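The structure appears below as structure tokens.
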Amino acid sequence: MTQRTFIIMFISLCITLQFQCTRSPVSSGTGGTDFPNTRTVIGTLISSDGTPSAHSEVLLLSSSFNAFTNTSHTKLLEDTTDDNGVYRFSISDTGEYTITAVQIEDRTRAIVYGVHVDTDTVFVDAAVMSKPGTIKVTVPEGSSSDNGYIYVPGTTIAAKVNGDSKYVFLDSVPVGAISSINYGELNDTQVTVIRFDVPVTSEEVTIILEPSLKHAKKICFNTTATGADVAGNVIGFPVLIRLSSDNFDFLQAHKNGSDIRFTKNDGTSLSYEIETWDSVNSKAVLWVKVDTIFGNNDNQCITMYWGASIPLTSEASGSDVFDTAAGFQGVWHFNNTADATVKDATANRFEGTPRGKNIPASIQGLIGSAGAFKGDGYIEMPGTANSVLNFPEHGTYSLSAWVNIDSLVGEYQMIASKGDKQYNLQFKGATKNWQFTEFQDTVGWDETASAASSKTWVNLVGVRSGEKQYLYVNGVCTDSTIYTHPHFPSDTTYAEKQGYRNTTYNFMIGTKVDYNTWFFNGLIDEVRISSYAQSPDWIKLGYMNQRSDDMLVIFKNW
Numbered sequence: 112m113t114q115r116t117f118i119i120m121f122i123s124l125c126i127t128l129q130f131q132c133t134r135s136p137v138s139s140g141t142g143g144t145d146f147p148n149t150r151t152v153i154g155t156l157i158s159s160d161g162t163p164s165a166h167s168e169v170l171l172l173s174s175s176f177n178a179f180t181n182t183s184h185t186k187l188l189e190d191t192t193d194d195n196g197v198y199r200f201s202i203s204d205t206g207e208y209t210i211t212a213v214q215i216e217d218r219t220r221a222i223v224y225g226v227h228v229d230t231d232t233v234f235v236d237a238a239v240m241s242k243p244g245t246i247k248v249t250v251p252e253g254s255s256s257d258n259g260y261i262y263v264p265g266t267t268i269a270a271k272v273n274g275d276s277k278y279v280f281l282d283s284v285p286v287g288a289i290s291s292i293n294y295g296e297l298n299d300t301q302v303t304v305i306r307f308d309v310p311v312t313s314e315e316v317t318i319i320l321e322p323s324l325k326h327a328k329k330i331c332f333n334t335t336a337t338g339a340d341v342a343g344n345v346i347g348f349p350v351l352i353r354l355s356s357d358n359f360d361f362l363q364a365h366k367n368g369s370d371i372r373f374t375k376n377d378g379t380s381l382s383y384e385i386e387t388w389d390s391v392n393s394k395a396v397l398w399v400k401v402d403t404i405f406g407n408n409d410n411q412c413i414t415m416y417w418g419a420s421i422p423l424t425s426e427a428s429g430s431d432v433f434d435t436a437a438g439f440q441g442v443w444h445f446n447n448t449a450d451a452t453v454k455d456a457t458a459n460r461f462e463g464t465p466r467g468k469n470i471p472a473s474i475q476g477l478i479g480s481a482g483a484f485k486g487d488g489y490i491e492m493p494g495t496a497n498s499v500l501n502f503p504e505h506g507t508y509s510l511s512a513w514v515n516i517d518s519l520v521g522e523y524q525m526i527a528s529k530g531d532k533q534y535n536l537q538f539k540g541a542t543k544n545w546q547f548t549e550f551q552d553t554v555g556w557d558e559t560a561s562a563a564s565s566k567t568w569v570n571l572v573g574v575r576s577g578e579k580q581y582l583y584v585n586g587v588c589t590d591s592t593i594y595t596h597p598h599f600p601s602d603t604t605y606a607e608k609q610g611y612r613n614t615t616y617n618f619m620i621g622t623k624v625d626y627n628t629w630f631f632n633g634l635i636d637e638v639r640i641s642s643y644a645q646s647p648d649w650i651k652l653g654y655m656n657q658r659s660d661d662m663l664v665i666f667k668n669w
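Here you go:
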């Protein structure tokens, strides 16, 4: 509503409630009105420059006050601050109240919630006057165009639903966290909460989308030097969101997270996947696809919504987040099904089948669940032998995984492989190195390597881009020099028989099919194959986001 509308509504309310409320004349700058009652509420208003906010108009209202219905138990009292910015109310009824204030000359405002009147004298914390903001509210579906209204309980801030308009604007809203925005209808006593804890910033517009969901939280991204420290923009990035009791109240959401939604600031819906949702233990892992993560930026945010009062169908979709059209050809989170199948999040559905003496178990990992490999088990992806996971010689692709190897022993320990004579991500015992290799026909293996470490989580990314090859460890390119390991050059007969690229094997995690004694011993999580060469910024952002002390994501209450 406009400033003029606010004043008119206030005058109208005072006239309507003159027999319900005790209201004495406001003396100019006297700082207090005298009532023959027993309880006193005293507080102070401060201007933004730190001086007393003198001659400000102050209202004391019941926290349940509804500007449109004015029920009989509501109270409205008025005062004006004195030269020291002090106001005082005398009141007989105990209860919870809200204080709102306006300084007409500079049009600043303030609000104080939760004023509990239960003793003879109640001292209210000083409130700072600021330029107000605006709340743009999406009108709920099924609302009445004739009788519907939206209001802030405990204040005179309210507005009618205007015909077929999709939005209602609440103007001149004091800065701070508004306890709730409600919807009601004039011919009905029932009201509905649209959103709890709505933040208002001075001279800015707060937009309330998804009105069927009562709760919202800002999820912001810090790519500056104090956060992920990524300079360039990253396109089409799946952001990892870890929820816990520290940043999310699972009791407010549906038990399976089906009412979770994400949007950009302009209201555009964002694709998301729920990898795990454990409301009993207050833990969840989600992935949200953001079209652009801006480099060297700390003010980019998206919004997460939840809290539907009716059952909702989940809109989560891993294949939308890890889109094959964007180059994701295989993504394995290790959030296994009941029969231990390792699901592929992409639309390719290259599901993994556990095999071996001790099949890999699913246990708590770095990101939700991980695969626990005991040195004699592996995961095979049937149907991948002749698939999009085959890349041509000198092709373009990326292969990545999080690994936690038990010990730096053995000839080789295979992390992920498409066969010895195609491509591999592995540990080599002789040099105690991580290796990313691609086999060149009749020539041998192109190798990039880096020193390995045990009993700690390490992020490995191998990138092939034409004749160039890179290995990244924990977001840093550790090797871009290709060493070509020849394929038994002294044995011409053997080379002629077996020295050619072989793309007919299935993709495997934890071993390679043609040398299935080179098993991995330790934990593996979040294995991915992409049909494009991931950029240095992409790789670093992934590491900084997915590490245990996530340096990208910041949760804010709006």
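For the numbering used here, add 111 to where a residue sits in the sequence shown, where the first one is 1. Note that beta-carbon positions come from the ideal geometry of N, C-alpha and C, so glycine has one too. Remember, it's a predicted structure, so these values are computed and weren't measured experimentally.
Close CB contacts of Tyr508 within its chain, under the 6 Å cut and outside five residues either way in sequence, are with Phe502, Arg575 and Ser642 (chain order).
Under the rule that a run must span 4 or more residues, the alpha helix (DSSP H) segments found entirely inside the stretch 358-446 read 429-432. Excluding the 5 residues flanking it on each side, Ala342 has same chain C-beta neighbours closer than 6 Å at Gly406 and Asn407, in chain order. When the five nearest sequence neighbours on each side are left out, the beta carbons in the same chain lying within less than 6 Å of the beta carbon of Ser528 are those of Asn535, Met619 and Lys623, in order along the chain. Of all C-beta pairs linking the stretch 292-307 to the stretch 323-338, three or more are shorter than 8 Å, placing the two stretches in contact. Per DSSP, reduced to three states, the secondary structure at Val624 is helical.
Cβ contact annotation for Val499 (same chain, cutoff 6 Å, sequence separation greater than five): Gln440, in chain order. With fewer than 16 other Cβ atoms inside 10 Å of its own Cβ, Ile346 counts as exposed. Inside the stretch 155-222, DSSP marks no whole alpha helix (DSSP H) run of 4 or more residues. Within the DSSP secondary-structure output, Trp545 pairs in a beta bridge with Phe538 and Ser561. It is roughly 48 Å from the alpha-carbon of Ile490 to the alpha-carbon of Thr249. Of the other Cβ atoms in all chains shown, 16 or more fall within 10 Å of the Cβ of Asp190; this residue is therefore buried. Secondary structure of Met240 (DSSP, three-state): coil. For the 7 Å CB-CB criterion, Gly287 and Phe176 do not form a contact.
Three or more beta-carbon pairs drawn from the stretch 224-241 and the stretch 193-212 are found closer than 8 Å, and the two stretches are therefore classed as touching. With fewer than 16 other Cβ atoms from the protein chains shown falling within 10 Å of its own Cβ, Asn195 counts as exposed.
With a 10 Å radius around the Cβ and a threshold of 16 neighbouring Cβ atoms, Gly295 comes out buried.
DSSP links Met492 through a beta bridge to Phe618. Sequence-distant partners of Asn446 (beyond 5 residues in either direction) whose C-beta falls short of 7 Å from its own C-beta, in its chain, are Glu386, Thr387, Lys454, Gly479 and Ser480. For Asp308, the uninterrupted beta strand (DSSP E) segment begins and ends at Asp299 to Val311. By the Cβ-count criterion, Ala221 is buried, with 16 or more other Cβ atoms from all chains shown falling within 10 Å of its own Cβ. In the structure shown, Lys667 adopts extended strand secondary structure according to DSSP, grouped into three states. Annotated three-state conformation of Lys454 is coil, per DSSP. In the structure shown, Tyr643 falls within a coil segment according to DSSP collapsed to helix, strand and coil. Each residue's CA atom was taken as its position, placing Ala458 and Asp648 some 26 Å apart. Residue burial annotation: Ser382 is buried, with at least 16 other C-beta atoms found within 10 angstroms of its C-beta. Our two residues, Leu187 and Ile330, have alpha carbons roughly 38 Å apart in a direct line. In this structure, DSSP gives Ile593 a state outside helix and strand, which the three-state scheme calls coil.
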